[in-house]
Amino acid sequence: MTQDYLHELELSNLNYAEREKIATKLRNVRRERRKAKDYIEICEPLEEFIHNGNNQKFIGKLKEVLGQVRKLEKSHRNRIYINKIIDKED
Numbered sequence: 003m004t005q006d007y008l009h010e011l012e013l014s015n016l017n018y019a020e021r022e023k024i025a026t027k028l029r030n031v032r033r034e035r036r037k038a039k040d041y042i043e044i045c046e047p048l049e050e051f052i053h054n055g056n057n058q059k060f061i062g063k064l065k066e067v068l069g070q071v072r073k074l075e076k077s078h079r080n081r082i083y084i085n086k087i088i089d090k091e092d
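One gets the numbering used here by counting positions in the sequence shown from 1 and adding 2 to each.
Dropping the structure here:
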């Protein structure tokens with residue numbers, strides 16, 4: 003996309019308003035690209051940790067704990083209480 007906008011600016015006979023629109027689109031594309039690159043850079047240490055063979059046992063335990071937490075969250079969402087003593091007419 004970046005190349006399309008650059009070629010449009012370079013090769014098309016555009017007036018000021020058209021150049022401004024394309025320049026704004028180009029800036030937005032570049033900002034999104036930068037966000038994606040930053041996100042990838044931030045995730046790289048985690049990705050290396052996950053794929054390190056020495057950490058597989060630890061990751062397995064984390065998955066087990068996550069499963070337990072999700073099971074508890076589900077039981078909390080579906081929780082109801084049935085009165086044992088109090089009559090609804092009271």
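Note that CB positions come from ideal geometry on N, CA and C, so glycine has one too. Quick caveat: nothing in here was measured; it's all calculated off a predicted structure.
Give a single yes or no on whether residue i has its beta carbon closer than 8 Å to a heavy atom of the ligand MN.
i	result
residue 49	Absent from the structure shown: the ligand MN. Ligands present: none.
Go ahead and label residue i buried or exposed: buried means 16 or more other beta carbons lie within 10 angstroms of its beta carbon, across all protein chains shown.
i	result
residue 7	buried
For residue i versus residue j, is the C-beta distance shorter than 9 Å?
i	j	result
residue 4	residue 33	no
**OP:** Specify whether the stretch 10-26 and the stretch 43-53 touch according to this definition: at least 3 beta carbon pairs, one from each stretch, less than 8 Å apart.
**Re:** no
Subject >> Complete runs of the beta strand (DSSP E) confined to the stretch 21-46 [at least 3 residues] >> reply: none
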